Amino acid sequence: MSAARAEALAALAAVRPPLAVVAEPERLAAYEMDAYVQKRETPLAAVLPEGEAQVQAVVRALGRLAVPVVTRGAGTGISGGATPLADGVMLVVTRMRAIHAIDAAARLATVDPGVPNAQVTAAAEGAGLFFAPDPSSQVVSSIGGNVAENAGGIHCLKYGLTVHNVTGLRAVDGDGDLLAVGGEALDSPGYDLLALLAGSEGNLGVITRATLRLLPRPEVTETLLAAFGSVKAGAEAVSAIIGAGIVPAALEMMDRVVIDACERYMALGLPKSEALLLVEVDGGTEEARESRAAVERILAACGATEVRVAKDDEERAKLWKSRKGAFAALASVLPDYYTMDGSIPRRALPEVLEQVYALGREYGMVIGNVFHAGDGNIHPCIFYDAAKAGELERSEELGGRILELCIDHGGTITGEHGVGLEKLRQMCLQFRDGEIAAFHAVKAAFDPAGILNPGKAVPTLKRCAEWGGMHVRGGRVPRPDIPRF
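For what it's worth, this note's numbering labels the leading residue of the sequence shown as 649, then goes sequentially.
What follows is the structure, encoded as structure tokens:
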């Protein structure tokens, strides 16, 4: 055992109250990676605190030794945000899963970071309330991770991302001090640290408690499934719906690769088509019915070859099963696939999707698209076989080019999955040097020793210079011999 590892384990053993520590190599294998399977590493140890005081004690103990701390929830992240460091400790919050309060009158829930997303809505159902953010992994993904990545989900078009549905946070900073930001009030004095912590990917603090906004269940929900003869026609229907002033609760799309995979995996009887559009409108009875009728007219005008309307909750659940189960179904296409996450203006959807398919042809790789069409958050899935030499590297290169395509069209390199390790290169294109320097200044204010999830989310200026990416007005000047990270 190295001296550094022995020192870290001794510091963790001294934490009071005592906490669970995983140090055996065979048990640490469970923490080598999250859902970002492209990279794995074995940490020095993993700790499983059961409360806020233990989190503070761990951060303080490791801070004194300058040992990095990587926070992990359920491990569903797919950008490498919870990939461990060989010289660091994993702080796993899955045992912190108490629901402290459901306040129906205030429409608020106060929960620990390890509470699974779907359990919040389950706890609020009796009061006729729900928690709106609903990532596809919501049955297992935890609230702490949702906040850290600013997760979205199927219904974020109308109800917003996680940041729009959190009113207060408690977090432990890099010094081990407890921060309490936001609360139950609609506004609070000072800087908006609440929005700063949301999406900070564990760089600024360890989320230890969240106060979440709950919403009343809509009176009526109408769900439609429309089939199209081309992805372009489906994308144009998205713009037409939004252009008509309709704000659906959800507006999702999938292409033929994904449709066929869902049929093989779930046999749902989906229409044979090049693209499917799932549209959901909700609200009061009259409002929802009027919106549904307007959407049906628009879908017909945009060339939908078939439109199905769910007659009841059972049919609605069946329609959504294809979208929510799509990522599991995609494993039937090839042994491995790499899911990208970028956002573009809705008007650019038809053009960008065509260019994504063109890139797939250029690389000789299959790409399937399933995404949040309403807010332009695309998730191209690149299929490859990791057993074949070089295929993983080519899929990553192709994914990088798709992200750069998003930037070129006025979009961003992430919509809800975070930057993590995956998108550090593209951060150098998305932001100027001064902006990246400002990000580091913010981190230094929360984490002076730089122990919280170092090397993630924000690249160093040196790394950007070594890569040689330059983002200038009017275009990008590429440099040759770009090293891999």
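Here a beta-carbon is modelled for each residue, glycine too, at the ideal position from N, C-alpha and C.
Note that the structure is a prediction, hence the values are computed from the model and not measured.
{"Asked": "Answer with buried or exposed for S980, where buried requires no fewer than 16 other C-beta atoms within 10 angstroms of its C-beta.", "Found": "exposed"}
{"Asked": "Which whole-angstrom value is the C-beta distance of E797 and G725, which I expect to be below 8 angstroms?", "Found": "6 angstroms"}
{"Asked": "How is the beta strand (DSSP E) around C804 delimited, first residue to last?", "Found": "Segment 804–807 is the alpha helix (DSSP H) holding C804; no beta strand (DSSP E) there."}
{"Asked": "Using DSSP with H/G/I as helix, E/B as strand and the rest coil, what is Y839?", "Found": "coil"}
{"Asked": "Do you know how far the Cα of E944 is from the Cα of P781?", "Found": "26 angstroms"}
{"Asked": "Could you check which residue in I907, P866, A898 has the C-alpha nearest to that of S878?", "Found": "I907"}
{"Asked": "Skipping 5 residues on each side, what residues in its chain have a beta carbon closer than 7 angstroms to that of I1015?", "Found": "V1004, Y1005, G1008, P1028, C1029, I1030"}
{"Asked": "Looking at the unbroken alpha helix (DSSP H) that takes in T869, where does it start and where does it end?", "Found": "No alpha helix (DSSP H) contains T869, which is instead part of the beta strand (DSSP E) from 868–876."}
{"Asked": "Under 9 angstroms, do A771 and D760 count as touching if we go by C-beta distance?", "Found": "no"}
{"Asked": "Use the C-beta contact count for Y684: other C-beta atoms within 10 angstroms, 16 or more gives buried, fewer gives exposed.", "Found": "buried"}
{"Asked": "Counting C-beta neighbours from all protein chains within 10 Å, is the total for A677 16 or more, i.e. buried, or is it exposed?", "Found": "exposed"}
{"Asked": "Out of N851, G774, G792, A874, which has the shortest C-alpha to C-alpha gap to P864?", "Found": "G774"}
{"Asked": "Considering just the uninterrupted stretch of the alpha helix (DSSP H) at I894, what are its terminal residues?", "Found": "Segment: none, I894 is in no alpha helix (DSSP H) and carries neither H nor E."}
{"Asked": "Classify T933: buried if its beta carbon has 16 or more other beta carbons within 10 angstroms, exposed otherwise.", "Found": "exposed"}
{"Asked": "Have a look at the DSSP bridge pairing and note the partners of S789.", "Found": "Partner(s): none; S789 has no beta bridge."}
{"Asked": "Look at the alpha carbon of K880 and the alpha carbon of E689, and state the distance between them as a whole number of angstroms.", "Found": "41 angstroms"}
{"Asked": "Can you give me the C-alpha to C-alpha distance between I1061 and A662, rounded to a whole angstrom?", "Found": "42 angstroms"}
{"Asked": "Along the chain, where does the beta strand (DSSP E) that runs through F1079 open and close?", "Found": "Careful: F1079 lies outside any beta strand (DSSP E) and carries neither H nor E."}
{"Asked": "Taking Cβ positions, are A799 and P783 nearer each other than 9 angstroms?", "Found": "yes"}
{"Asked": "Quick one: is S727 buried, meaning 16 or more other Cβ sit within 10 Å of its Cβ, or exposed?", "Found": "buried"}
{"Asked": "Does the count of Cβ pairs from the segment 829–836 and the segment 890–902 closer than 8 angstroms reach three?", "Found": "no"}
{"Asked": "Measure the alpha-carbon distance for R653 versus A883 and round it to whole angstroms.", "Found": "53 angstroms"}
{"Asked": "Taking the alpha helix (DSSP H) that N798 belongs to, which residues open and close that run?", "Found": "Counting along the chain, N798 falls outside any alpha helix (DSSP H), and DSSP gives it neither H nor E."}
{"Asked": "Please report the Cβ distance between L872 and V957, rounded to the nearest whole angstrom; I am assuming they are in contact, meaning their Cβ atoms lie under 8 angstroms.", "Found": "5 angstroms"}
{"Asked": "Where do the N-terminal and C-terminal ends of the beta strand (DSSP E) with F1031 fall, by residue?", "Found": "1028–1032"}
{"Asked": "Which one of A897, R708, D961 has the shortest CA to CA distance from E928?", "Found": "A897"}
{"Asked": "Quick test of the definition: if touching needs 3 or more C-beta pairs under 8 angstroms, does the segment 703–715 touch the segment 1043–1051?", "Found": "no"}
{"Asked": "Rounded to a whole number of angstroms, what is the C-alpha to C-alpha distance between P697 and V854?", "Found": "12 angstroms"}
{"Asked": "State the beta-bridge partners of P1107 as determined by DSSP.", "Found": "DSSP output for P1107 lists no bridge partner at all."}
{"Asked": "Could you check what DSSP says for D930 in three-state terms: helix, strand or coil?", "Found": "strand"}
{"Asked": "Looking at the unbroken alpha helix (DSSP H) that takes in D907, where does it start and where does it end?", "Found": "It is worth fixing the name first, because residue 907 is Ile in this sequence and not Asp. 904–914 is the extent of the alpha helix (DSSP H) around I907."}
{"Asked": "With 16 other CB atoms within 10 Å as the buried threshold, where does E849 fall?", "Found": "buried"}
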